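Numbering (my numbering), first residue to last: 880 to 1536.
Heads up, the beta-carbon is just placed ideally off N, CA and C, and yes, glycines get one too.
This structure is a prediction, so every number in the text was calculated from the model and none was measured.
Structure, as structure tokens:
In structure tokens form, the structure reads like this:
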């Protein structure tokens, strides 16, 4: 039956209230009406959508800031009222006693112990027997709670929100079974606790009564009484003995122990609680064991991936890395065979590594494998030509991809049917990725080696063109001069031939130096200015031209040997081209600092040329440009037919510093 019917306006004040005393309703006088604006049910009911009914959680009735005595659990139903424009006008709320709802639950306390229902804060909402205080006041400032009936540790366990059964120590202690009830799961931590507590002596009361009867009847029929007493004692103590034995077994770690008691009393309930507890413990122990096994397996997989990754970074041979990948895939996945197949555009699919039952496959690393769909299959079971016709019933393949290109696949096969879990598939994918990295690293290493070989070939070709060929050309000019001097000045011709022999010996040494990457003979133990002076002297004699040097003092001290060699080759190529093609009579070679750059200029008064056409045709200009770029600078050519030529090389100051 309802307890109150009220209309509360939008400010939270009661406008009309009707109380029901169990027999008839009473209209409350206006002076006794209260303000409820601070009550949670008023705040929540005011925001209820139109057309819906607000239902509060069950709690105790509070009047004038105190809990009503005797405590009465209440459930409130409310409807929000609004004007035609949607403005709030208040609520109509109905308070219902929850005692009838809880009657069946509290009836359990009539048979044994006490049954109570408490809120998550520890206050009793209802119970089969209330603890009476020394007061007859209609309201109490603090409601009865779990903390008044139980020890602090036990009270905290009861309010923890998990079901359990706990026995207090001592013969006079209680056995407490409790479980949480979540009336509104969306409310989070709000819940009720239903607790059933009974004394241990109540459990054993039936045994004591029976023993008393046996003793009383023993005076008349002692023999029969003794027999009946022994039988009865065994009948009633067997469940306790079974519970004690099972408790010792569970304490020793045997969570599979179960107790079956059919006594139709509290012992049977206790046995059921014990069985549920043992089942939960067994489930938790199994989960912990499985979690430990998963963690151990994950650690082994991580260690394997780390070891293989270290070997990949350590530049170990590719076959060894692939063998390690196959071994770890077979070992940690407990497969019967693991294969790593490689695919390249130039070669057909072949076996790169294998671990396990190799005699069942009849394959060896390097053997060709028929084309199959493994690389397109992904992590699925597919038919692979390498295992078709063998006793393997399960085959799982993971493709190894580098960007959009498939470089192979990593496969594992099992004799027995088996499905790989997500963690195992992830580990297999990790191994495949490491194998892909190793394969791509080996490919890049081969490409770098080939590129180095090509660069070395290009370097030797450029050095031969800019150095050896120019020196041989200069020797040829000297021989032409010797032909001219043969009749006119034999003695001068002999001296000139000796100079040419020395020059050819220098050419021979330069060839050896270029092969091993050393500087030319003219640059060994000489700076740039000395080498350019020797070069200018020889070319001016062979080419019959006037060559003027303008070298800034100390500039060569700011150049490294590599920079000196590059600038020397550029100048020699430029001067040789003048002798070959320019038909010049005067040449100026200058090396000086120009602001933030080191500038080298070679200028002649020869015939000149069209720069675009000649730049495309000559290897010499291309070599000079490449050398300037390697120094971080640029080469500029200025020339017109009949106006001479100027070649300028500018190197950034920080490069020449």
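- Going by C-alpha positions, residue 1042 is about 42 Å away from residue 889.
- Cβ contact annotation for residue 891 (same chain, cutoff 6 Å, sequence separation greater than five): 914, 915, 916 and 921, in chain order.
- Take residue 1480, set aside five residues on each side of it, and the residues of its chain with a beta-carbon closer than 6 Å to its own are 1469 and 1527, in chain order.
- Around the beta carbon of residue 905, fewer than 16 other beta carbons sit within 10 angstroms, so the residue counts as exposed.
- Under the DSSP definition of a beta bridge, residue 1290 partners with 1218 and 1276.
- Residue 1407 and residue 1443 do touch by the CB rule: their CB atoms are close to 5 Å apart, below 8 Å.
- If you keep only unbroken beta strand (DSSP E) runs of at least 3 residues inside the stretch 1437-1505, you get 1465-1473 and 1476-1483.
- Here residue 1201 is actually not in contact with residue 1235; their C-beta atoms are around 14 Å apart, not less than 8 Å.
- Per the coordinates, the alpha-carbon of residue 1046 lies some 23 Å from the alpha-carbon of residue 1004.
- The shortest CA-to-CA distance from residue 911 to any of 900, 923 and 896 is the one to 896.
- One alpha carbon belongs to residue 1216, the other to residue 1503, and they sit about 60 Å apart.
- The criterion of a C-beta distance shorter than 8 Å is not satisfied by residue 1474 and residue 1518.
- DSSP places residue 931 in the coil class of the three-state scheme, outside both helix and strand.
- Using a 10 angstroms sphere on the CB of residue 1380, the tally of other CB atoms stays under 16, which defines it as exposed.
- The beta carbon of residue 1212 lies closer than 8 Å to those of 1291, 1299, 1303, 1306 and 1307 in the same chain, with the five residues before and after it left out.
- The Cβ neighbour count for residue 882, taken over all protein chains shown within 10 Å, is at least 16; the residue is labelled buried.
- In the three-state reduction of the DSSP assignment, residue 1283 falls in the coil class.
- For a cut-off of 8 Å, the C-beta gap from residue 1525 to residue 1482 is around 4 Å, short enough to register as a contact.
- Inter-residue distance for residue 1323 and residue 1280 is about 15 Å (C-alpha atoms, whole angstroms).
- Of the residues 1531, 929, 993 and 919, the one whose Cα lies closest to the Cα of residue 938 is 919.
- Around the C-beta of residue 1459, fewer than 16 other C-beta atoms lie within 10 Å, and the residue is accordingly described as exposed.
- Annotation for residue 1060: 1070, 1071 and 1073 place their beta carbon closer than 7 Å to its own, counting only its chain and skipping 5 residues before and after.
- Considering only 974, 952 and 930, the residue with the shortest C-alpha distance to residue 965 is 930.
- Look at residue 1213 here: in three-state DSSP terms it is coil, with no helix or strand label.
- In the structure shown, residue 1107 adopts helical secondary structure according to DSSP, grouped into three states.
- Counted as a single uninterrupted DSSP element, the beta strand (DSSP E) harbouring residue 953 occupies residues 952-961.
- Note on residue 1278: 16 or more other CB atoms within 10 angstroms of its CB, so buried under the neighbour-count rule.
- For the options 1313, 1457, 1121 and 1354, the alpha carbon positioned closest to that of residue 1377 is the one of 1354.
- A distance of 8 Å or more separates the beta carbons of residue 1075 and residue 1001.
- With contacts defined as CB atoms closer than 8 Å, residue 1055 and residue 1079 fail to qualify as a contacting pair.
- Take residue 1311, set aside five residues on each side of it, and the residues of its chain with a beta-carbon closer than 6 Å to its own are 1277, 1279 and 1289, in chain order.
- Going by C-alpha positions, residue 1523 is about 11 Å away from residue 1516.
- Per DSSP, reduced to three states, the secondary structure at residue 964 is coil, with no helix or strand assignment.
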